[in-house]
Amino acid sequence: MTGVLRAVAVDFAYPGGPPVLTGAELEVRRGSRLAVLGANGSGKSTLLRCLTGALRPDAGCIEVEGRPLQYSRGGLRRHRQVVQLVTQDPDDQLFSASVRADVSFGPVNLGLPESDVRDRVTEALDLLAVGHLADRPTHQLSYGERKRVAIAGAVSMRPAVLALDEPTAGLDPSGVEDALGALAGLAAAGTTLVMATHDVDLALAWADEVAVVVGGGVRHGAPISLLRSADLLDLARLRRPWVITVGDRLRALGVLPPQAEPRDEASLLEMMLHPVPVEEP
Amino acid sequence: MTGVLRAVAVDFAYPGGPPVLTGAELEVRRGSRLAVLGANGSGKSTLLRCLTGALRPDAGCIEVEGRPLQYSRGGLRRHRQVVQLVTQDPDDQLFSASVRADVSFGPVNLGLPESDVRDRVTEALDLLAVGHLADRPTHQLSYGERKRVAIAGAVSMRPAVLALDEPTAGLDPSGVEDALGALAGLAAAGTTLVMATHDVDLALAWADEVAVVVGGGVRHGAPISLLRSADLLDLARLRRPWVITVGDRLRALGVLPPQAEPRDEASLLEMMLHPVPVEEP
Amino acid sequence: MTGPAIDVAAWSSPWRWKSPGDKLLLSGGLVLAALLLPTWPASPAVAAVAVGLALGPARVPARVLARAARAAAVFVLLGTATIAVTWRSDDGGFGPTVTGQSLAAAVDTLAHTVAGTAAVLLLAATTPMTDLLAWARRRGVAEPVVDVAGLVYRMLFVLLATLGAVRAAQVARLGYVDRRATMRSAAPLVAAVLVRAFDRARRLEAGLAGRGFAGNLGVLDDERPTSPRFVIGTVAGLTVLVAGCLAVPTSGHVPVLPW
Amino acid sequence: MHIAEGYLPPVQAAAWTLAAAPFVVHGGRALIAEVRERPESRLLLGAAGAFTFVLSAIKLPSVTGSSSHPTGTGLGAVLFRPPIMAVLSTIVLLFQALLLAHGGITTLGANVFSMGVVGPWVGYGAYRACRAVRLPFAVGVFAALALADLSTYVTTSIQLGLAHPDPAAGVPGSMAEFLGVFALTQIPLAIAEGLLGVVVFRLLGRVAPGELRSLGLGAAVPAPPRQAAGASGSGE
Numbered sequence: 001m002t003g004v005l006r007a008v009a010v011d012f013a014y015p016g017g018p019p020v021l022t023g024a025e026l027e028v029r030r031g032s033r034l035a036v037l038g039a040n041g042s043g044k045s046t047l048l049r050c051l052t053g054a055l056r057p058d059a060g061c062i063e064v065e066g067r068p069l070q071y072s073r074g075g076l077r078r079h080r081q082v083v084q085l086v087t088q089d090p091d092d093q094l095f096s097a098s099v100r101a102d103v104s105f106g107p108v109n110l111g112l113p114e115s116d117v118r119d120r121v122t123e124a125l126d127l128l129a130v131g132h133l134a135d136r137p138t139h140q141l142s143y144g145e146r147k148r149v150a151i152a153g154a155v156s157m158r159p160a161v162l163a164l165d166e167p168t169a170g171l172d173p174s175g176v177e178d179a180l181g182a183l184a185g186l187a188a189a190g191t192t193l194v195m196a197t198h199d200v201d202l203a204l205a206w207a208d209e210v211a212v213v214v215g216g217g218v219r220h221g222a223p224i225s226l227l228r229s230a231d232l233l234d235l236a237r238l239r240r241p242w243v244i245t246v247g248d249r250l251r252a253l254g255v256l257p258p259q260a261e262p263r264d265e266a267s268l269l270e271m272m273l274h275p276v277p278v279e280e281p
Numbered sequence: 001m002t003g004v005l006r007a008v009a010v011d012f013a014y015p016g017g018p019p020v021l022t023g024a025e026l027e028v029r030r031g032s033r034l035a036v037l038g039a040n041g042s043g044k045s046t047l048l049r050c051l052t053g054a055l056r057p058d059a060g061c062i063e064v065e066g067r068p069l070q071y072s073r074g075g076l077r078r079h080r081q082v083v084q085l086v087t088q089d090p091d092d093q094l095f096s097a098s099v100r101a102d103v104s105f106g107p108v109n110l111g112l113p114e115s116d117v118r119d120r121v122t123e124a125l126d127l128l129a130v131g132h133l134a135d136r137p138t139h140q141l142s143y144g145e146r147k148r149v150a151i152a153g154a155v156s157m158r159p160a161v162l163a164l165d166e167p168t169a170g171l172d173p174s175g176v177e178d179a180l181g182a183l184a185g186l187a188a189a190g191t192t193l194v195m196a197t198h199d200v201d202l203a204l205a206w207a208d209e210v211a212v213v214v215g216g217g218v219r220h221g222a223p224i225s226l227l228r229s230a231d232l233l234d235l236a237r238l239r240r241p242w243v244i245t246v247g248d249r250l251r252a253l254g255v256l257p258p259q260a261e262p263r264d265e266a267s268l269l270e271m272m273l274h275p276v277p278v279e280e281p
Numbered sequence: 001m002t003g004p005a006i007d008v009a010a011w012s013s014p015w016r017w018k019s020p021g022d023k024l025l026l027s028g029g030l031v032l033a034a035l036l037l038p039t040w041p042a043s044p045a046v047a048a049v050a051v052g053l054a055l056g057p058a059r060v061p062a063r064v065l066a067r068a069a070r071a072a073a074v075f076v077l078l079g080t081a082t083i084a085v086t087w088r089s090d091d092g093g094f095g096p097t098v099t100g101q102s103l104a105a106a107v108d109t110l111a112h113t114v115a116g117t118a119a120v121l122l123l124a125a126t127t128p129m130t131d132l133l134a135w136a137r138r139r140g141v142a143e144p145v146v147d148v149a150g151l152v153y154r155m156l157f158v159l160l161a162t163l164g165a166v167r168a169a170q171v172a173r174l175g176y177v178d179r180r181a182t183m184r185s186a187a188p189l190v191a192a193v194l195v196r197a198f199d200r201a202r203r204l205e206a207g208l209a210g211r212g213f214a215g216n217l218g219v220l221d222d223e224r225p226t227s228p229r230f231v232i233g234t235v236a237g238l239t240v241l242v243a244g245c246l247a248v249p250t251s252g253h254v255p256v257l258p259w
Numbered sequence: 001m002h003i004a005e006g007y008l009p010p011v012q013a014a015a016w017t018l019a020a021a022p023f024v025v026h027g028g029r030a031l032i033a034e035v036r037e038r039p040e041s042r043l044l045l046g047a048a049g050a051f052t053f054v055l056s057a058i059k060l061p062s063v064t065g066s067s068s069h070p071t072g073t074g075l076g077a078v079l080f081r082p083p084i085m086a087v088l089s090t091i092v093l094l095f096q097a098l099l100l101a102h103g104g105i106t107t108l109g110a111n112v113f114s115m116g117v118v119g120p121w122v123g124y125g126a127y128r129a130c131r132a133v134r135l136p137f138a139v140g141v142f143a144a145l146a147l148a149d150l151s152t153y154v155t156t157s158i159q160l161g162l163a164h165p166d167p168a169a170g171v172p173g174s175m176a177e178f179l180g181v182f183a184l185t186q187i188p189l190a191i192a193e194g195l196l197g198v199v200v201f202r203l204l205g206r207v208a209p210g211e212l213r214s215l216g217l218g219a220a221v222p223a224p225p226r227q228a229a230g231a232s233g234s235g236e
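For the record, the sequence lines run as chains A, B, C and D. The numbering used here puts the last residue of the first sequence at 281; the count rises by one with no breaks. The numbering used here puts the last residue of the second sequence at 281; the count rises by one with no breaks. The numbering used here puts the last residue of the third sequence at 259; the count rises by one with no breaks. The numbering used here puts the last residue of the fourth sequence at 236; the count rises by one with no breaks.
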């Protein structure tokens with residue numbers, strides 16, 4: 001796994017505002033599922049928008065495949081095929097009342113021939129399991145449906161990296177399941193996924209790497225170790241995932257084997273199924 | 001505990017749309033904390049809006065203190081002092097330039113003398129722990145702050161019942177904590193609370209009664225029994241709270257005492273602290 | 001957030017897949033027939049054809065037509081009543097009154113309006129706005145204008161939802177109990193929707209920038225093929241209508257035509 | 001109040017369309033120029049048009065106790081200038097005709113002339129005149145919104161009077177009738193719309209000073225104490 005995208009010593013402040021990022025470092029490895037965690041206002045969305053080229057760092061740089069991102073028209077154009085951002089509110093991205101037309105926007109901008117555009121639209125809609133909505137008007141869709149159509153709009157650009165800001169916010173359990181299922185399909189198709197969230201339970205269950213944005217910087221590591229650290233989580237104003245807390249206790253009680261590291265409810269239950277008897281000291 | 005508010009055999013459909021509620025029954029007992037659960041589109045917000053008088057049922061009625069709600073100007077005016085709704089998006093409720101002006105909107109419309117308006121505003125802001133924001137412009141507040149100010153705007157009407165639509169949606173862990181803390185303060189001050197949510201874990205931890213909206217009707221009962229029923233939850237497209245699933249397993253393993261009914265992480269851990277030894281059969 | 005009944009009908013219309021140009025020909029032909037031919041029998045004939053096509057093959061729900069008629073009713077009734085009232089009575093006195101002549105003029109105008117509105121509805125209730133805009137773009141209407149119109153169409157649903165939500169919140173806090181409260185509520189409502197509109201534009205700009213927005217809102221355009229059968233049927237039908245209306249002698253009263 | 005389809009005789013419908021056309025074409029040129037210079041202004045213009053549409057769904061109380069909808073033509077003219085309003089009004093009136101059955105297609109030209117041309121130009125003229133003689137901003141806004149509203153209804157009444165002359169009293173008689181029904185009753189509503197505008201701009205001055213300045217309406221913005229801009233909080 002090599003770094004497809006890197007933030008190198010990135011400083012950023014909105015005009016007239018306090019610094020949001022100071023020396024932020026992040027590496028997005030190809031094929032990984034990275035969760036970027038932080039409280040509201042921590043700067044995780046800002047970091048995502050720097051990675052996608054939507055914001056230009058005040059200092060430091062974004063590296064794409066080892067080369068610094070060029071903020072020229074052509075450089076940004078190439079970059080948009082490397083990484084696409086899906087915003088939290090789907091209405092921030094859906095500008096057309098026709099679902100099919102909206103999803104075709106990116107490919108049309110790439111200047112592709114019409115038949116290729118058509119293929120990409122069909123492919124993206126199918127990957128997100130919203131093919132049946134293609135001919136419905138955007139304003140008649142439910143929130144969850146609009147969210148998946150917005151993701152399809154980004155996917156039709158066939159980006160190597162898909163960055164999603166709070167993709168499960170506002171969705172009910174079955175909506176979350178649908179969204180995560182769609183993401184799993186994208187991962188299987190080879191897309192690198194970056195998800196900004198403040199849901200620590202989701203991050204632990206879903207990600208294979210975690211980056212916690214705190215105090216303008218980034219702490220990057222394995223989910224299970226980073227999300228166990230009470231100091232870090234306090235500083236970041238986040239909770240510890242319940243699976244870790246409960247898992248630790250059950251390990252101490254001998255209900256879980258010593259090496260068990262459950263990441264979600266299912267794995268916790270499964271590991272309990274065959275409890276290794278605790279040896280007497 | 002007596003029913004301050006009741007939905008009796010309520011049918012409702014939006015003009016030209018399919019039926020949303022069919023024979024929905026719900027009783028809101030004075031002093032209770034009721035969670036109304038349902039997937040997106042299940043009709044839980046519609047039910048709340050019927051209870052608040054914002055929507056008028058096609059059939060059935062809403063009873064207030066045992067008398068049917070009158071949809072006359074005077075009847076609705078009285079009803080708005082019985083129950084207030086806080087919508088999911090605080091920006092839908094904040095329309096004045098400053099926090100103080102916004103919170104005073106309801107009391108001013110009640111035609112109260114200025115000193116009473118002032119008292120109510122101060123009281124509401126203090127109950128929500130946002131007194132320090134009184135003179136700030138609403139658009140400069142964080143999302144969590146806006147959410148609490150929106151609640152204060154409803155609280156300044158001194159309703160007997162406060163209904164909240166997804167009050168924790170979009171909040172990070174510390175924002176959720178602040179919001180729940182504020183609600184606990186309101187409950188302590190005697191307000192009956194109704195919360196619509198699809199977060200089953202939150203409902204189990206917070207509510208003392210649960211109503212699940214499913215198939216146009218309502219199933220009402222104790223959280224721990226209703227939220228254990230796999231059939232009901234499947235039908236309602238909801239998950240079972242992890243605490244129930246994990247708690248059941250741990251009870252079977254003898255890690256929890258037989259009568260233990262943990263409702264959240266903290267109570268689960270506490271009950272495990274003093275595990276009752278399992279008697280040999 | 002489903003929107004006006006006509007819009008809902010258009011998106012689910014069985015005629016949706018017909019070429020917008022074909023439907024424009026039919027509706028436009030009917031509108032012109034109602035406008036240009038002698039009121040009797042052309043207006044009732046056009047109204048009958050338009051309503052018949054709408055309720056028949058185009059399967060527009062009757063409820064949708066009824067609501068549309070209600071929407072147009074206030075202006076039509078007020079305007080028609082004003083025409084019916086004249087300043088001199090038949091016996092020569094001066095003052096507001098209704099005469100046979102003024103009443104006939106009012107009935108004529110009413111017939112025109114009903115026929116014209118029905119003909120426009122036939123198009124509106126079978127053709128989503130996006131199809132008409134795409135058609136306009138292909139027919140050479142300037143791209144920025146079509147783009148802006150498309151954005152207006154998309155955003156008006158978002159803003160209508162905002163308007164409804166803010167107003168509901170105000171109603172709950174007694175925002176419209178009396179005239180003074182209404183005035184206190186209306187201005188913040190307008191300001192809130194306007195600020196939200198600005199905010200939406202800014203956020204959409206940021207959202208689109210990431211998708212390669214460089215000034216052009218071009219999208220895939222699925223042109224619906226024109227149907228020779230539909231066109232021939234339309235032309236033949238309109239011809240019959242025109243010939244029939246011109247052949248039938250104007251019966252009953254002689255309408256007063258102001259042109 | 002939009003003139004319904006079929007309400008105008010064909011010659012007059014065509015004449016009003018021809019009368020409105022130069023203003024709409026001029027506005028269209030202005031819009032295209034604006035969009036060429038700043039491509040992203042498409043989004044703001046789209047939002048402005050949607051706002052104009054939505055305004056007609058707001059209810060205003062009148063002094064007489066009845067209620068009506070603001071025309072919004074004055075508000076739009078002050079915010080976005082009359083040329084742009086001519087195009088936006090055309091789009092909005094077309095949508096209202098097709099989506100809501102308010103107005104019509106052959107009467108579109110007449111409706112654009114009253115709501116998209118006369119109203120905005122009268123309102124904007126009043127606003128500029130008030131500013132030229134250094135009247136307070138609020139007075140300019142009041143005059144703009146009230147007069148734009150009123151002139152729109154006067155124009156509509158004239159259009160209707162011309163179309164349907166009174167059999168006895170001719171065009172002057174019918175105009176007087178329509179003015180009595182549509183314009184006279186509108187006076188309290190025009191005043192209400194003017195007052196509404198004053199409050200709206202006062203709120204906007206506090207809530208959206210940046211937007212007002214970018215629209216060239218710095219006068220509406222009281223010199224604010226400088227706040228930390230980054231703390232505005234939406235999104236992060």
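Ideal Cβ positions, reconstructed from N, Cα and C, are used throughout, including at glycine.
By DSSP, does residue i sit in helix, in strand, or in coil?
i	result
V219(C)	coil
P19(A)	strand
G65(D)	No answer about G65(D) holds up, because its pLDDT of 49 lies below 50 and its placement is not dependable.
D166(D)	strand
L164(B)	strand
Give a yes or no on whether the minimum CB-CB distance between residue i and chain C is below 7 Å.
i	result
D116(B)	no
A196(B)	no
I32(D)	yes
Between residue i and chain A, is there a C-beta pair that is closer than 7 Å?
i	result
G215(C)	no
W17(C)	no
Rounded to whole angstroms, what is the Cα-Cα separation between residue i and residue j?
i	j	result
A39(B)	P173(A)	7 Å
E177(B)	D201(B)	14 Å
Q81(A)	L208(C)	14 Å
T99(C)	L36(C)	26 Å
S151(D)	L179(D)	11 Å
L53(C)	F113(D)	32 Å
Examine chain B for any beta-carbon lying closer than 7 Å to the beta-carbon of residue i, and answer yes or no.
i	result
L177(C)	In the sequence under discussion, the amino acid at residue 177(C) is Val, which differs from the Leu named in the question. By this cut-off, V177(C) is an interface position.
R206(D)	yes
Output yes if chain D places a C-beta closer than 7 Å to the C-beta of residue i; else output no.
i	result
H139(B)	yes
Q170(C)	no
Taking 6 Å as the cut-off, does the CB of residue i come closer than this to any heavy atom belonging to the ligand PLP?
i	result
M195(B)	For the ligand PLP, the structure offers nothing, since it holds no ligand at all.
Taking C-beta pairs closer than 7 Å, name the residues in chain G that residue i reaches, listed in chain order.
i	result
L203(D)	Protein chains A, B, C and D are contained in the structure displayed, whereas chain G is not.
Whole-angstrom Cβ separation of residue i and residue j, contact assumed at under 8 Å?
i	j	result
E210(A)	L226(A)	Going by the sequence as given, residue 210(A) is Val instead of Glu. Contact holds; Cβ gap of about 5 Å.
- Query: Counting only runs that start and end within the region 102-137 of chain D, where is the beta strand (DSSP E) found for 3 or more residues in a row?
  - Reply: none
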